[in-house]
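Visitor: Once you've had a glance at the structure underneath, I'll fire off some questions.
Numbering (our numbering), first residue to last: 71 to 714.
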């Protein structure tokens, strides 16, 4: 059977269709012609009658030329008339016309290019009159304005409905009467005694002892058993402000007791809600603590559980349920907590968002949010995650931000996002702990390992060694193990089980040395650390402040030994030099010889608003450069690597 292509049938069908159409047209032609002859003629529209007021558009340049020609003709006709009649009565009017004519000519001759050249000339003259320091300050101000975060930390519902809260949350707590009766001058003298700087409206008074804060007796007994008798400066002012329901920005050096300052108000709030009406399954939480790392979240969770258990020892108080919500662990292990009413959640942003999207719990009644190491959380790229978390809140909340290093950029961003916040600052933001003896030594790169063993002989264990390079962390641990030193290591590439094992072994005393990257430098509290060795100096001075802050905690003293050499950037050395001078530490001669280029320019020596470093401005901030580098890498990855 021979195959016949389908187009033959289609062509045949099309031809028949055309013939049919032609026949139809021939049969209807005469009918259409007779109807066309009987149809009335189409009306004729006179466009001139309907658009009498229409004026065609004339370009600006043409209108100016016509005005100039008209003024010129008026001037010429006026001169002729005056010569003919000798009339001088209209001289004033002629002067006005001459002035208008000159102005119009000037406008015609003036171009955008000329204006731009004049602006450039004025700017060049102004720049010539300024010093190099003033120019650098103006450039820094422009950079800061460009990178300032404009979006506030508010929920999507509040943005959509235009909800703006103007007053802080009201609480049932009040200071004792004798403190309320004191004058503001007395409160200020107490703050000055403990070097506390405050800023805000209607600041609650500082309270010098825990008993006057109206803390339960069972908790006071627990604090006494831990030899915590009096509040630290950040607790002295921060706890009353948090008890009063105020939004708070708390800045204090490492090891100053910030965790208790923000956890105790949350515990008391949850206790008050539970005693009013017990929580059942599906209810809660009352408040949440956000942490940038799993290790810090785990440590905070353990502290909260311990403090809640201290209250349960008094039969008057009920049990509070606390949930740890971090990545790397199975949430099935905490089914017994999820099956009850939740009071407190300690979490990292990623796992918390996952649990909220899966509706394992809600924030319908959550009214307390604290961000520990808030500036580090925003720096690590969690800002969008925090905004996402905000979208799950259904009511007004009390927001607290705590950190040891909170640069001016983060402080301004926080003050815009909070409601009448109280800023509590103990010392300069980013300053080093004064209880730490800082020793900076020049050690060649090839001699670091050998000298490390000598440094370990300075103090008894436990000792922490910090390095910025993950491979270097593993190399140091292997070297110490070969030398018979009981050492563990921790960095971001290790599994969660390995990280937890290292921290538990080190805290329990089973291991003498822990080698760590920056993941262990933020907020972690280790008992009796007398010595911290910084094997490789970090580029950002903030990281250095956090690392040496692992010792000298809770009023104890400690030593921090830092290795520097030719590989350390000069700008980092300058930051380190100013930090040592600020803390009254001994500055080695090789650091004293590092010169600040800003001094020659005559610029003001202010701290960097992005990282708080004293040795540079925002224009050459390593933290800002690293942030921009990460953003560019993320942008390239979003575009598929930049190629096709």
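Virtual Cβ for every residue (Gly too), placed ideally from N, Cα, C.
Ordered along the chain, which non-local residues of its own chain (more than five positions away) have a Cβ less than 6 angstroms from that of residue 384?
Guide: Against the chain shown, residue 384 aligns to sequence position 314. Closer than 6 angstroms at the Cβ level, and outside the excluded window around residue 384, lie 288.
Visitor: For residue 439, which residues of its own chain have a beta-carbon under 6 angstroms away from its beta-carbon, when the five flanking residues on both sides are left out?
Guide: If you number the chain shown from 1, residue 439 lands on position 369. Excluding sequence neighbours, residue 439 sits near 358, 467 and 469.
Visitor: Using only alpha-carbon positions, find the residue among 553, 502, 485 and 599 that is nearest to residue 535.
Guide: Taking the chain shown and counting its residues from 1, the one referred to as residue 535 is at position 465. Checking every option, the nearest Cα to that of residue 535 belongs to 599.
Visitor: Out of 471, 481, 236 and 550, which one is the CA nearest neighbour of residue 533?
Guide: What you label residue 533 is simply residue 463 of the chain shown in a count that begins at 1. Selected option, being the one with the closest Cα: 550.
Visitor: Between residue 694 and residue 186, what straight-line distance do the alpha-carbon atoms span, to the nearest angstrom?
Guide: As a position in the chain shown, residue 694 is number 624, starting the count at 1. As a position in the chain shown, residue 186 is number 116, starting the count at 1. About 33 angstroms.
Visitor: Closest to residue 433 by C-alpha separation, out of 452, 411, 444 and 453, would be which residue?
Guide: Stepping through the chain shown from its first residue, residue 433 is reached at position 363. Checked all of 452, 411, 444 and 453; the closest Cα to residue 433 is 411.
Visitor: Give me the Cα-Cα distance between residue 238 and residue 315, rounded to the nearest whole angstrom.
Guide: Here residue 238 refers to the residue found at position 168 when the chain shown is read from its first residue. Here residue 315 refers to the residue found at position 245 when the chain shown is read from its first residue. Spanning the two alpha carbons is a distance of roughly 6 angstroms.
Visitor: Could you check if residue 495 is buried or exposed, using at least 16 other CB atoms within 10 Å of its CB as the buried criterion?
Guide: Locating residue 495 in the chain shown gives position 425, counting from the first residue. Residue 495 is buried by the Cβ-count criterion.
Visitor: Which value, in whole angstroms, describes the spacing of the CA atoms of residue 299 and residue 286?
Guide: Locating residue 299 in the chain shown gives position 229, where the first residue counts as 1. Locating residue 286 in the chain shown gives position 216, where the first residue counts as 1. Approximately 15 angstroms, taken between the alpha carbons.
Visitor: Exposed or buried, what is residue 731 when buried is set at 16 or more other beta-carbons lying within 10 Å of its beta-carbon?
Guide: Residue 731 lies beyond the residue range present for the chain, which begins at 71 and ends at 714; the question has no answer from this structure.
Visitor: Exposed or buried, what is residue 702 when buried is set at 16 or more other beta-carbons lying within 10 Å of its beta-carbon?
Guide: On the chain shown, residue 702 is found 632 positions in, with the first residue counted as 1. With fewer than 16 Cβ atoms within 10 Å of its Cβ, residue 702 is classed as exposed.
Visitor: Out of 681, 692, 634 and 653, point me to the one whose CA is closest to residue 660's CA.
Guide: The sequence position of residue 660 within the chain shown is 590, counting from 1. Taking only the C-alpha atoms, the option nearest residue 660 is 634.
Visitor: What residue range does the alpha helix (DSSP H) around residue 439 cover?
Guide: Residue numbering aside, residue 439 sits at position 369 when the chain shown is read from its first letter. From DSSP, residue 439 is part of no alpha helix (DSSP H) but of the beta strand (DSSP E) over 438–442.
Visitor: Residue 336 to residue 512, Cα distance in whole Å?
Guide: Looking up residue 336 in the chain shown gives position 266. Looking up residue 512 in the chain shown gives position 442. Taking the straight line from one Cα to the other gives about 46 angstroms.
Visitor: Since residue 491 and residue 317 are thought to touch, with beta carbons under 8 angstroms apart, how far apart are those beta carbons, to the nearest angstrom?
Guide: Translated into positions along the chain shown, residue 491 becomes position 421. Translated into positions along the chain shown, residue 317 becomes position 247. The Cβ separation is near 4 angstroms, so the contact holds.
Visitor: Output the boundary residues of the alpha helix (DSSP H) element that contains residue 331.
Guide: Working through the chain shown from its first residue, we reach residue 331 at position 261. Looking at the DSSP string, the run of the alpha helix (DSSP H) that includes residue 331 is 328–346.
Visitor: According to DSSP, is residue 630 part of a helix, a strand, or is it coil?
Guide: By 1-based counting over the chain shown, the position of residue 630 is 560. Strand.
Visitor: Whole angstroms is fine: what's the gap from residue 562's alpha carbon to residue 363's?
Guide: The residue given as residue 562 occupies position 492 in the chain shown. The residue given as residue 363 occupies position 293 in the chain shown. The alpha-carbon atoms of residue 562 and residue 363 are separated by roughly 10 angstroms.
Visitor: Helix, strand or coil: how does DSSP classify residue 624 here?
Guide: Residue 624 sits at position 554 when you count from the first residue of the chain shown. Residue 624 falls in the coil class under three-state DSSP.
Visitor: Just confirm the distance between the C-beta atoms of residue 583 and residue 556, as a whole number of angstroms; I'd bet it's less than 8 angstroms.
Guide: As a working note, residue 583 is residue 513 in the chain shown. As a working note, residue 556 is residue 486 in the chain shown. Indeed they touch by this definition, with Cβ atoms about 7 angstroms apart.
Visitor: State the DSSP-derived secondary structure class of residue 601, mapped to helix, strand or coil.
Guide: Locating residue 601 in the chain shown gives position 531, counting from the first residue. Residue 601: strand per DSSP, three-state reduction.
Visitor: Enumerated in chain order, which unbroken segments of the beta strand (DSSP E) with a length of 3 residues or greater are wholly contained in the region 468–502?
Guide: Qualifying beta strand (DSSP E) stretches, in chain order: 468–473 and 492–496.
Visitor: Whole angstroms is fine: what's the gap from residue 399's alpha carbon to residue 566's?
Guide: For the purposes of this step, residue 399 is taken as the residue at position 329 of the chain shown. For the purposes of this step, residue 566 is taken as the residue at position 496 of the chain shown. About 8 angstroms.
Visitor: Considering only residues of the region 345–418, which uninterrupted alpha helix (DSSP H) runs meet the minimum length of 4 residues and lie entirely inside it, listed in chain order?
Guide: Runs found: 364–382 and 405–408.
Visitor: Based on Cα-Cα distance, which residue from 643, 649 and 606 lies nearest to residue 664?
Guide: As a working note, residue 664 is residue 594 in the chain shown. For residue 664, the nearest C-alpha among the options comes from 643.
Visitor: Given a cut-off of 9 angstroms on the beta-carbon distance, is the pair residue 281 and residue 304 in contact?
Guide: If you number the chain shown from 1, residue 281 lands on position 211. If you number the chain shown from 1, residue 304 lands on position 234. No, these two residues do not count as a Cβ contact at 9 angstroms.
Visitor: Does the region 471–485 come into contact with the region 386–394, if we say contact requires no fewer than three beta-carbon pairs (one atom in each stretch) closer than 8 angstroms?
Guide: Touching, no.
Visitor: With 16 other CB atoms within 10 Å as the buried threshold, where does residue 301 fall?
Guide: The sequence position of residue 301 within the chain shown is 231, counting from 1. Residue 301 comes out buried.
Visitor: Would you report the Cα separation of residue 91 and residue 126, rounded to the nearest angstrom?
Guide: The residue given as residue 91 occupies position 21 in the chain shown. The residue given as residue 126 occupies position 56 in the chain shown. Any reading at residue 91 must be qualified, since the residue scores a pLDDT of 43, below 50, and its modelled position is unreliable; no value is offered.
Visitor: Using DSSP with H/G/I as helix, E/B as strand and the rest coil, what is residue 511?
Guide: Taking the chain shown and counting its residues from 1, one reaches residue 511 at position 441. In the structure shown, residue 511 sits in a strand (DSSP, three-state: E or B).
Visitor: Hey, how far is the Cα of residue 188 from the Cα of residue 131?
Guide: Residue mapping note: residue 188 aligns to position 118 of the chain shown, counting from 1. Residue mapping note: residue 131 aligns to position 61 of the chain shown, counting from 1. Those two C-alpha atoms are separated by around 22 angstroms.
Visitor: Taking residue 555 as part of the alpha helix (DSSP H), name the residues at either end of that continuous run.
Guide: Counting from 1 along the chain shown, the entry for residue 555 is found at position 485. No alpha helix (DSSP H) holds residue 555; DSSP gives it neither H nor E.
Visitor: For residue 311, which residues of its own chain have a beta-carbon under 8 angstroms away from its beta-carbon, when the five flanking residues on both sides are left out?
Guide: Residue mapping note: residue 311 aligns to position 241 of the chain shown, counting from 1. Once the five neighbours on either side are set aside, the close Cβ partners of residue 311 are 273, 274, 318, 492 and 494.
Visitor: Hey, would you say residue 629 sits closer than 9 angstroms to residue 518, going by beta carbons?
Guide: On the chain shown, residue 629 is found 559 positions in, with the first residue counted as 1. On the chain shown, residue 518 is found 448 positions in, with the first residue counted as 1. No; because the gap between Cβ atoms is not below 9 angstroms, this pair is not in contact.
Visitor: Below 9 angstroms between beta carbons: does that hold for residue 604 and residue 324?
Guide: In the chain shown, the residue the question calls residue 604 occupies position 534. In the chain shown, the residue the question calls residue 324 occupies position 254. No, the Cβ-Cβ distance between residue 604 and residue 324 is not below 9 angstroms.
Visitor: Would you grab the beta carbon distance between residue 501 and residue 652 for me? Rounded to a whole angstrom, and I think it's under 8 angstroms.
Guide: To locate residue 501, count along the chain shown from 1; it is residue 431. To locate residue 652, count along the chain shown from 1; it is residue 582. Right, the Cβ-Cβ distance comes to about 6 angstroms (below 8 angstroms), so this counts as a contact.
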